[in-house]
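Number of protein chains: 2
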Amino acid sequence: MDKNEEKQREEEREQVVSPWEVSSSGKIDYDKLIDKFGCQRLDQSLVDRVQRLTGRPPHVFLRRGVFFAHRDLNDILDAYEKGEKFYLYTGRGPSSEALHLGHLVPFMFTNRYLQDAFKVPLVIQLTDDEKCMWKNLSVEESQRLARENAKDIIACGFDVTKTFIFSDFDYVGGAFYKNMVKVAKCVTYNKVVGIFGFTGEDHIGKVSFPPVQAVPSFPSSFPHLFSGKDHLRCLIPCAIDQDPYFRMTRDVAPRIGYHKPALIESSFFPALQGETGKMSASDPNSAIYVTDSAKAIKNKINKYAFSGGQESVELHRKLGANLEVDIPVKYLSFFLEDDAELEHIKKEYGAGGMLTGEVKQRLAKVLTELVERHQVARAAVTDEMVDAFMAVRPLPNMFD
Amino acid sequence: MDKNEEKQREEEREQVVSPWEVSSSGKIDYDKLIDKFGCQRLDQSLVDRVQRLTGRPPHVFLRRGVFFAHRDLNDILDAYEKGEKFYLYTGRGPSSEALHLGHLVPFMFTNRYLQDAFKVPLVIQLTDDEKCMWKNLSVEESQRLARENAKDIIACGFDVTKTFIFSDFDYVGGAFYKNMVKVAKCVTYNKVVGIFGFTGEDHIGKVSFPPVQAVPSFPSSFPHLFSGKDHLRCLIPCAIDQDPYFRMTRDVAPRIGYHKPALIESSFFPALQGETGKMSASDPNSAIYVTDSAKAIKNKINKYAFSGGQESVELHRKLGANLEVDIPVKYLSFFLEDDAELEHIKKEYGAGGMLTGEVKQRLAKVLTELVERHQVARAAVTDEMVDAFMAVRPLPNMFD
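Going line by line, the protein sequences match chains X and Z.
Going by UniProt numbering, the first residue of the first sequence is number 1, and it counts up by one from there.
Going by UniProt numbering, the first residue of the second sequence is number 1, and it counts up by one from there.
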């Protein structure tokens with residue numbers, strides 16, 4: 001192993017981003033990730049173009065770089081500019097009952113911005129089959145979690161006349177299964193090993209799954225929605241750890257007669273303990289859950305949120321906070337919508353005029369409001385509403 | 001490599017039997033195959049037991065050893081003796097339009113014997129997805145072939161009140177897909193490589209397929225037929241090259257709460273050119289097709305059927321035919337139902353009293369009658385009948 005190889009290996013050890021693992025010895029280097037995955041940076045000119053085309057100010061997640069990378073977003077916008085519509089596809093692996101704030105990011109962005117701004121339909125895949133296989137849940141338990149998660153997703157405010165939610169266990173079959181077979185024919189085992197790192201001791205369910213996540217990118221997988229619209233384009237908002245699935249999908253798409261899906265990719269919502277990975281479902285103290293009480297939120301923030309402030313008030317007044325590593329400021333930059341207030345906090349806190357406790361208090365208020373709003377909305381989601389979103393049906397006015 | 005290993009390798013080279021390849025440098029050694037696969041010989045005492053339990057003389061394929069091996073057939077019969085019913089599962093990979101006689105063997109045995117004698121329901125899987133992936137057919141072409149093959153299967157005389165025929169492309173989904181996932185979770189990639197010999201350059205469709213062929217062995221895959229009957233046993237009549245699929249299935253079955261399916265396995269119907277493998281769909285002169293004319297049958301037999309007779313009439317009269325390698329006699333032992341006549345032919349021909357030409361003439365008559373009967377029956381199979389057999393429906397009187 002020569003020096004360069006050694007260096008490369010070390011870098012790879014430092015930062016692992018796959019659909020199953022996100023870890024890093026330091027901060028995730030998103031520039032490096034863009035290079036490694038081969039996607040493009042979502043730069044200001046593209047944000048401006050979205051604003052121009054939709055006539056709407058960019059969503060906070062867009063203007064603050066939460067969604068920071070893309071693939072072929074320009075092609076989607078070119079087509080849109082010529083009057084051609086597209087559809088959105090996002091999803092969730094229902095591995096746990098309660099969602100945390102990081103889970104909400106793609107749904108908030110898709111719902112409160114993309115779908116509304118572009119006036120396009122949305123399909124949401126709940127990969128209960130995946131979680132049944134990876135997490136060794138029973139079929140029944142994964143289906144139960146899928147329905148529970150669907151309630152949280154619906155609580156984000158999606159429009160039932162433009163949104164189709166489906167669980168793989170319910171929906172795989174027919175045109176969807178045919179497309180799975182078409183995709184599977186185009187991908188060798190060596191290829192999925194290269195992309196996903198499977199080993200011979202992994203079960204074949206894992207090897208069989210990538211086509212299941214691939215095919216919602218193709219309109220013919222949804223005959224009740226897009227019959228006769230095989231050339232409809234698809235835009236996928238997702239966290240960047242899902243990129244490997246869609247690299248594979250984009251490789252296959254033209255070979256089976258479809259457009260490559262475009263992607264708009266987010267960074268990870270950091271754990272309370274600091275920005276070295278995503279939040280972990282296995283450590284409840286690493287995240288704020290949408291089921292947390294106001295008291296729990298306050299406690300978690302005060303106890304666990306990694307602070308960039310100094311060790312003593314005196315030192316803090318003198319040196320100010322290190323905003324680069326400060327989790328309360330990170331969280332506020334996701335969820336405090338007021339740009340002026342955010343700038344004010346960053347300036348004051350960075351200069352030492354504001355203390356960690358004050359910033360944490362502001363954050364607790366912002367998150368409590370968000371979570372309580374979500375809880376109220378979620379409590380209003382009935383089983384009938386879930387059935388309505390998940391009914392296999394046409395969406396007659398989906399492009400209006 | 002020591003001597004033993006060398007010998008074993010050589011033996012393996014000599015005889016390859018897998019779902020995709022049957023080849024041998026000499027005659028297939030079925031005893032060796034039983035040892036290698038680990039199934040049991042279907043001996044006379046078991047044939048007698050079937051006769052005793054069903055009150056019917058054994059089918060010609062049973063009493064002449066065409067079905068020569070089994071797995072757990074005794075368990076099925078034990079349960080049957082106690083009044084417990086079972087169901088039959090067989091299938092076909094629709095890779096070609098016209099079936100040859102070898103393709104009919106499992107269907108004739110299932111229809112004219114097993115189903116009737118035991119009064120049990122039957123599911124027939126058409127693996128159009130498999131053929132789409134292995135033979136690189138389009139989805140549409142594999143589905144068309146599945147329907148065409150269904151007509152030939154129906155022409156064998158199946159009872160629509162006891163028989164459900166399905167194509168994977170139509171039927172995969174719901175409970176069937178859930179069982180696919182349950183099976184896939186239990187089988188590692190290394191395991192399927194050991195069983196099926198896949199390589200890293202094989203596409204993942206091949207790796208994904210074994211669970212599709214496995215799950216019709218489990219009653220819950222057919223909720224419209226066997227709802228609430230999860231402990232119903234399954235008996236699979238098939239050619240022995242399908243054994244690898246069901247070895248895997250039997251390994252998984254108890255881990256997901258089902259009985260291991262039992263098997264009753266046939267030898268291969270030999271090619272006209274001699275008994276070194278199965279007939280090949282790619283060489284039309286290696287087989288008699290159910291679409292062949294009387295003239296074509298006569299020609300093929302006269303021209304290609306490998307004879308055990310001697311080179312000259314004089315020598316033949318003196319030495320007699322070698323029945324061990326004689327294809328006309330082999331074919332007659334499949335399809336000439338009259339035991340006495342068959343014995344007579346074997347005796348006379350073996351002693352030189354009967355010439356090859358006479359035996360071939362008798363065979364041509366037997367096969368022409370069989371094929372013409374099939375053609376008449378097939379011409380009467382309408383699209384409506386295919387729809388009726390393939391309708392997803394209960395079979396209310398399936399055990400009567």
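All C-beta atoms, glycine included, are put in the ideal place defined by N, C-alpha and C.
CB contact check: residue i to chain X, cutoff 8 Å
i                 : result
Val392 of chain Z : no
His224 of chain Z : no
Lys178 of chain Z : yes
Met398 of chain Z : no
Glu324 of chain Z : no
Glu201 of chain Z : yes
Trp20 of chain Z  : no
With 16 other Cβ atoms within 10 Å as the buried cut-off, status of residue i
i                 : result
Pro396 of chain Z : exposed
Ser25 of chain X  : exposed
Ser267 of chain Z : buried
Met1 of chain Z   : With a pLDDT of 47 at Met1 of chain Z, under the threshold of 50, the modelled position of that residue is not reliable, and the figure given next carries that caveat. Label assigned to Met1 of chain Z: exposed.
Asp43 of chain Z  : exposed
Asn179 of chain X : buried
Ala391 of chain X : exposed
Ser45 of chain Z  : exposed
Trp134 of chain Z : buried
Arg92 of chain X  : buried
Leu225 of chain Z : buried
Thr249 of chain X : buried
Asn149 of chain Z : buried
Lys303 of chain Z : exposed
Asn136 of chain Z : exposed
Ala239 of chain X : buried
Gly194 of chain X : exposed
Phe389 of chain X : buried
Proximity of residue i and residue j at Cβ, strictly below 8 Å
i                      : j                 : result
Leu272 of chain Z      : Ser286 of chain Z : yes
Ala321 of chain Z      : Ala155 of chain Z : no
Cys234 of chain Z      : Tyr80 of chain Z  : no
Val139 of chain Z      : Lys182 of chain X : yes
Ala175 of chain X      : Ser221 of chain X : yes
Asp75 of chain Z       : Leu126 of chain Z : no
Gln375 of chain X      : Val290 of chain X : yes
Gly357 of chain X      : Val325 of chain X : no
Phe269 of chain X      : Val105 of chain X : yes
Asp241 of chain X      : Pro19 of chain X  : yes
Gln15 of chain X       : Ile28 of chain X  : yes
Pro328 of chain Z      : Leu363 of chain Z : yes
Phe109 of chain Z      : Phe67 of chain Z  : yes
Ile204 of chain X      : Val207 of chain Z : yes
Pro223 of chain X      : Phe246 of chain X : no
residue 442 of chain Z : Leu342 of chain Z : Not covered by the structure: residue 442 of chain Z. The range shown for chain Z is 1 to 400.
Ile301 of chain Z      : His100 of chain Z : no
Rounded distance between the beta-carbons of residue j and residue i, thought under 8 Å
i                 : j                 : result
Lys119 of chain X : Asp400 of chain X : 6 Å
Ile264 of chain Z : Pro237 of chain Z : 5 Å
Gln40 of chain X  : His70 of chain X  : 6 Å
Lys151 of chain Z : Val381 of chain Z : 4 Å
Pro94 of chain Z  : Asp129 of chain Z : Not confirmed; about 10 Å, so no contact.
Thr368 of chain Z : Ile297 of chain Z : 5 Å
Neighbour flag for residue i against chain Z, beta carbons, 8 Å
i                 : result
Met133 of chain X : yes
Glu141 of chain X : no
Phe169 of chain X : yes
Met1 of chain X   : Confidence is the limiting factor: at Met1 of chain X the pLDDT is only 47, short of 50, which leaves the residue's position unreliable and the question unanswerable from this model.
Ser208 of chain X : yes
Ala214 of chain X : no
Ile204 of chain X : yes
Thr382 of chain X : no
Val181 of chain X : yes
Gln188 of chain X : Note that residue 188 of chain X is Thr in the sequence shown, not Gln. It does: the Cβ of Thr188 of chain X has a partner Cβ on chain Z nearer than 8 Å.
| query | Counting only runs that start and end within the segment 55-93 of chain X, where is the alpha helix (DSSP H) found for 4 or more residues in a row? | reply | 60-63 and 73-81
| query | If you scan the segment 184-245 of chain X from start to end, which runs of the beta strand (DSSP E) of 3 or more residues do you find wholly inside it? | reply | The segment 184-245 of chain X is shown to contain whole beta strand (DSSP E) runs of 3 or more residues at 233-239, in chain order.
| query | Along the chain, which unbroken stretches of the beta strand (DSSP E) at least 3 residues long are found entirely within the segment 262-301 of chain Z? | reply | Those beta strand (DSSP E) runs which fall completely within the segment 262-301 of chain Z and span 3+ residues are 262-266 and 274-278.
| request: Would you list, in sequence order, the uninterrupted beta strand (DSSP E) runs of no fewer than 3 residues that lie entirely inside the segment 111-184 of chain X? | output: Those beta strand (DSSP E) runs which fall completely within the segment 111-184 of chain X and span 3+ residues are 122-126 and 163-167.
| Ordered list of alpha helix (DSSP H) runs contained in the segment 9-53 of chain X, each at least 4 residues | 30-37
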